[in-house]
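To start, the structure under review is shown below, and the notes come after it.
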Ligand SMILES: N[C@@H](CCC(=O)N[C@@H](CS)C(=O)NCC(=O)O)C(=O)O
C-alpha cells in the first residue's frame with residue numbers, strides 16, 4: 071500500500087474532495103493541516119511546497135499538485151472514477167461543473183468592494199445557483215441511477231456533495247425545492263464509509 075500525505079490548510083476548501091476520497095475508499099492517509107488551530111505557519115511552510123500553493127499530495131515521497139488532478143488520480147486508483155471511458159468522461163463533466171460553481175462562489179468570498187459584493191450575491195441567488203441546480207438536477211435525472219454516474223458512488227457524487235456544503239451552511243433552504251439533489255445528498259451522507267466523517271469533521275466556512 072502506498073504512503074499518502076495530503077498537505078492542505080485546516081479548512082475544507084480545495085482539499086476536502088481529496089480527503090473524502092480517502093475516507094470513502096478506506097485508505098489511510100496523513101491529513102496534514104497547515105494553520106491548524108489558528109497558528110500562522112503558512113509563510114514558512116510555503117517554502118517546502120512544490121508550487122507555493124496547497125494542496126499537494128505526497129505518494130511514496132513523490133509530489134503531485136493541483137487539487138482536481140489529485141482527486142482524479144486517486145479516484146482512478148480507488149475505482150471511484152467511473153467504470154468505462156464514457157462514465158469517466160461523465161464523472162469529469164460533473165466534477166468540472168462543480169468547480170465552475172465553486173469558482174463563482176470564490177468571486178464572492180474574495181470581493182472586498184461592498185457594492186460589487188451586493189451585486190455578486192444577488193446574481194448568485196437569482197441566476198448562478200439556480201442555473202447550476204437545474205443543470206445538475208437534469209443530469210441526475212437523465213444519466214444517473216441514484217448516483218450521478220452509473221449505479222455506484224463515484225468522485226462525481228462527492229464533488230456535488232462538497233460544492234453544496236458551503237452554500238447550505240449559509241442558507242439551509244437552498245435545496246428545498248430540488249428533491250433529486252436533496253435525495254442524492256442524503257444518499258452520500260448515509261454511505262457507511264462517509265457518515266461518521268461528515269458528521270464529525272470540524273466546521274469550516276469554505
Ligand atoms: N488550481 C490550484 C489552486 C491552488 C490554490 O490556489 N491554493 C490556495 C488555497 S485554496 C493557496 O495555496 N493559497 C495560498 C497562497 O497562495 O498563498 C488547485 O486547485 O490546487
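In the working numbering, the protein residues as written are 71 to 276. A virtual CB, placed ideally from N, CA and C, is assigned to each residue, including glycine. Bear in mind that the values here come from a model prediction, so they are computed numbers and not experimental data.
Residue i and residue j closer than 7 angstroms at C-beta
i	j	result
residue 161	residue 152	yes
residue 257	residue 94	no
residue 72	residue 105	no
residue 137	residue 208	no
residue 45	residue 187	Nothing about residue 45 can be read from this structure; the chain reaches only from 71 to 276.
residue 236	residue 276	yes
residue 140	residue 127	yes
residue 120	residue 100	no
residue 218	residue 179	no
residue 116	residue 108	no
residue 181	residue 198	no
residue 97	residue 168	no
residue 76	residue 144	no
Assigned exposure category for residue i - 16 Cβ within 10 Å defines buried
i	result
residue 203	buried
residue 233	buried
residue 172	buried
residue 159	exposed
residue 82	buried
residue 224	buried
residue 214	buried
residue 273	exposed
residue 189	exposed
Residue i Cβ short of 6 angstroms to ligand 1 heavy atom set
i	result
residue 225	no
residue 136	yes
residue 87	no
residue 123	yes
residue 108	no
residue 208	no
residue 118	no
residue 216	no
residue 83	yes
Three-way DSSP call (helix, strand, coil) for residue i in this model
i	result
residue 184	helix
residue 77	strand
residue 133	strand
residue 223	coil
residue 216	coil
residue 100	strand
residue 92	helix
residue 273	coil
residue 208	helix
Ligand 2 heavy atom lying under 6 angstroms from the CB of residue i
i	result
residue 131	The model depicted lacks ligand 2 and carries ligand 1 instead.
Every unbroken alpha helix (DSSP H) within the region 221-265, with a cutoff of 4 residues, ordered by chain
225-240, 249-259
3-residue-minimum beta strand (DSSP E) runs that sit fully inside the region 108-155, ordered along the chain
126-129, 132-135
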